[in-house]
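S.K.: Structure in structure tokens, see below.
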Amino acid sequence: MINPCQTRALNLLWLSEGRSWIRHQVPFLGSIIAGRPEIQDGRVDGCIEIDPSTLRLPKNARTFALKVRGDSMRNAAILEGDIVIMEFREAKHGDIVAALIDGETTLKRFIVQGGVPYLRASNPKYPDLIPARELVIQGVQIALLRLSER
12 MINPCQTRAL
22 NLLWLSEGRS
32 WIRHQVPFLG
42 SIIAGRPEIQ
52 DGRVDGCIEI
62 DPSTLRLPKN
72 ARTFALKVRG
82 DSMRNAAILE
92 GDIVIMEFRE
102 AKHGDIVAAL
112 IDGETTLKRF
122 IVQGGVPYLR
132 ASNPKYPDLI
142 PARELVIQGV
152 QIALLRLSER
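Numbering of the sequence shown is given in my numbering, commencing with residue 12 and proceeding in unit increments.
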């Protein structure tokens, strides 16, 4: 989902507070699977312009956007084609997150039970995902955009 080059570019963008337009643009980093995890090639597909006051974003929010593919989060009202706005920050139990689990990315709910973190879908046809090696939270959902069909 997010490669090291993109991370550097995002950090430069977020640190450039002298430009007012930065507060209104969220980098669009492609898509994320809401289904079975998969390996992703990260890329920046432009920016989405938003009103930060509508989303109640702090001035220093480090955000990015992803288009959802799949149906594992449908019971959390996240549907195929939706755009999730994510923030780089520490996840809490119950947050919906973009995560890297054992080298593959997915959009799921972050669960901590008995001190053990794992990922849970919001669709009963998908199993819980327990990391064998690693679980890296890449962003926490702060908003959802749904475009109506024309």
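All C-beta atoms, glycine included, are put in the ideal place defined by N, C-alpha and C.
Any contact between the segment 103 to 119 and the segment 61 to 70? By contact I mean 3 or more CB pairs, one from each, below 8 Å.
M.R.: Flag = no, the segment 103 to 119 and the segment 61 to 70 do not touch.
S.K.: Taking only the alpha-carbon atoms, compute the straight-line gap between residue 144 and residue 112 and give it to the nearest angstrom.
M.R.: Residue numbering aside, residue 144 sits at position 133 when the sequence shown is read from its first letter. Residue numbering aside, residue 112 sits at position 101 when the sequence shown is read from its first letter. Each residue's Cα considered, the two are about 8 Å apart.
S.K.: Tell me whether residue 158 is buried or exposed, calling it buried when 16 or more other Cβ atoms sit within 10 Å of its Cβ.
M.R.: Indexing the sequence shown from 1 puts residue 158 at position 147. Flag for residue 158 reads exposed.
S.K.: Buried or exposed: where does residue 123 fall if 16 or more other Cβ atoms within 10 Å of its Cβ makes it buried?
M.R.: Mapped onto the sequence shown, residue 123 falls at position 112. Exposed, by the Cβ-count rule.
S.K.: Check for me: the beta strand (DSSP E) holding residue 89 runs from which residue to which?
M.R.: Here residue 89 refers to the residue found at position 78 when the sequence shown is read from its first residue. From DSSP, residue 89 is part of no beta strand (DSSP E); its letter is neither H nor E.
S.K.: Whose C-alpha, out of 140, 126, 87, is nearest the C-alpha of residue 110?
M.R.: In the sequence shown, residue 110 corresponds to position 99, counting from 1. Ranking the options by Cα distance to residue 110, first place goes to 140.
S.K.: May I ask you to check if the CB of residue 150 is nearer than 7 Å to at least one heavy atom of the ligand PLP?
M.R.: By its list of ligands, the structure shown contains no ligand whatsoever, and the ligand PLP lies outside what it can speak to.
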